[in-house]
Amino acid sequence: MFVFDAHIDTLLRLLGKRANLQEAQGHVNLAHLQGGPGAQFFAVFVEPRYYHGLAMHQAVEMIDLFWKMLEDHREALAFAGSAEDIRRARSEGRFACLLAIEGGEALEGKLSSLRMFYRLGVRLLTLTWNFRNELAAGQMEGPEGGGLSRFGREVVEEMNRLGMIVDVSHLNEPGFWDVLSVSRDPVMASHSNAKALCPHPRNLTDEQIRALADKGGVIGVNFCAAFVRADGQATAEHVADHIEYLIRVGGEDCAALGSDFDGIDEVPVGLEDYGRIRTLVGLLEKRGLREAVIEKVMGGNLLRFCRQVLG
Ligand SMILES: [Zn+2]
Numbered sequence: 035m036f037v038f039d040a041h042i043d044t045l046l047r048l049l050g051k052r053a054n055l056q057e058a059q060g061h062v063n064l065a066h067l068q069g070g071p072g073a074q075f076f077a078v079f080v081e082p083r084y085y086h087g088l089a090m091h092q093a094v095e096m097i098d099l100f101w102k103m104l105e106d107h108r109e110a111l112a113f114a115g116s117a118e119d120i121r122r123a124r125s126e127g128r129f130a131c132l133l134a135i136e137g138g139e140a141l142e143g144k145l146s147s148l149r150m151f152y153r154l155g156v157r158l159l160t161l162t163w164n165f166r167n168e169l170a171a172g173q174m175e176g177p178e179g180g181g182l183s184r185f186g187r188e189v190v191e192e193m194n195r196l197g198m199i200v201d202v203s204h205l206n207e208p209g210f211w212d213v214l215s216v217s218r219d220p221v222m223a224s225h226s227n228a229k230a231l232c233p234h235p236r237n238l239t240d241e242q243i244r245a246l247a248d249k250g251g252v253i254g255v256n257f258c259a260a261f262v263r264a265d266g267q268a269t270a271e272h273v274a275d276h277i278e279y280l281i282r283v284g285g286e287d288c289a290a291l292g293s294d295f296d297g298i299d300e301v302p303v304g305l306e307d308y309g310r311i312r313t314l315v316g317l318l319e320k321r322g323l324r325e326a327v328i329e330k331v332m333g334g335n336l337l338r339f340c341r342q343v344l345g
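And the structure:
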């Protein structure tokens, strides 16, 4: 089965350890990615210590690392900037790698940087991390952090024009609703869960799930134990609960995967690394989900979304 995950932080891990993907000791390594046909968004995470002056430097360094990774493993991995690229990679037996930036700080306040990042292969921007930046406010700022700034609106409009994915994970609620009204294209929550099952501020309310789904968006279910269960005692079954819940509230076209592997410390029992991601198929089958729906959750929905937004 084709597996497509919307968010992992493996580049950050490789950067910190100066390791390559083959020897990576985290949640994701090359052998895991070769476990079957698939695609993956690799996030360039802008660390807070680089805000205010070095955010773009760090983003560029990690984008270079992404391209080096593709060169080092060209027989196994292929760059994808469109749904057509994903299809081609698959037909060549290679794993499709897409590039994302997590944190609008990387733009350093300029639309020109957004366009340059696009030219470097970036196809998705998570507008904020947890705090306020030039675009909007993250969920740690609370609703009083306010919604999209004027620059944030310009960024969303320019992303629509370029064919880039606007990612609302990490945004506070006013920012979320602003993005939904400004964006012409459907938007993604790349790694967020259902607040009704786990009341973490990073998770989405039923109203948010419905609105995002109604607009044609997708939600990647996050494996971070603290976002899955309030007590942090999460198992793969609890992750399947979030998938089922998203389907119930938003419909079968909105649920997807956004594991956050290599960006989280506590993982659910049964989903300890990327190699186990396909075990979700069996869990969802046991719950009586139809094969066609499981295929959508595991990758089909993200692929359809990319076809629509990336062109
Ligand atoms: Zn994140």
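The opening residue of the sequence shown carries number 35 in this note's numbering; numbering runs sequentially from there.
A virtual CB, placed ideally from N, CA and C, is assigned to each residue, including glycine.
Keep in mind that this is a model prediction, so the values were computed, not measured.
Ligand 1 heavy atom lying under 8 Å from the CB of residue i
i      : result
Ile50  : Before going further, note that residue 50 is Gly rather than Ile in the sequence given. Because no heavy atom of ligand 1 lies under 8 Å away, the Cβ of Gly50 does not count as near it: no.
Ala77  : yes
Asp248 : no
Ser203 : yes
Gly209 : no
Glu136 : yes
Thr160 : yes
His41  : yes
His234 : no
Asp294 : yes
His225 : yes
Gly254 : no
Gly197 : no
Gly309 : no
Under the three-state DSSP convention, the category residue i falls into
i      : result
Gly115 : coil
Phe151 : helix
Ala230 : coil
Met222 : strand
Asp43  : coil
Gln68  : coil
Ala326 : helix
Arg166 : coil
Phe79  : strand
Ala38  : Note on residue identity: the sequence assigns Phe, not Ala, to residue 38. Phe38: strand per DSSP, three-state reduction.
Leu182 : coil
Arg157 : strand
Leu238 : strand
Gln342 : helix
Val62  : coil
Gln56  : coil
Leu214 : helix
Leu196 : helix
Leu88  : coil
Gly334 : helix
Gly176 : coil
Nearest-angstrom beta carbon gap, residue j and residue i [assumed within contact, 8 Å]
i      : j      : result
Thr239 : Lys229 : 5 Å
Asp287 : Lys330 : 7 Å
Leu132 : Arg108 : 16 Å between Cβ atoms; not a contact.
Cβ-Cβ distance between residue i and residue j below 9 Å
i      : j      : result
Val273 : Val262 : yes
Leu48  : Ala40  : no
Tyr155 : Trp101 : Note on residue identity: the sequence assigns Gly, not Tyr, to residue 155. A contact, by the Cβ cut-off of 9 Å.
Ala130 : Ala123 : yes
Ile199 : Leu344 : yes
Ala170 : Leu205 : yes
Phe257 : Ser203 : no
Gln68  : Ala114 : no
Thr160 : Glu142 : no
Ala65  : Phe36  : no
Ile42  : Ala93  : no
Cys340 : Ile120 : yes
Leu280 : Val255 : yes
Ser224 : Met193 : no
Leu45  : Asp106 : no
Residue i CB to nearest heavy atom of ligand 2 below 8 Å
i     : result
Gly60 : The ligand content of the structure shown is limited to ligand 1, which means ligand 2 is not among them.
Within-9 Å CB hit, residue i to chain C
i      : result
Met150 : Absent from the structure is chain C; it holds one protein chain and no more.
- [ ] Enumerate, from N- to C-terminal direction, the unbroken beta strand (DSSP E) stretches of 3 or more residues contained entirely within the region 242-321.
- [x] 252-255, 289-291
TODO: Would you mind listing the alpha helix (DSSP H) stretches within the region 90-148 that are 4+ residues and don't spill past its ends, in chain order?
DONE: 117-125
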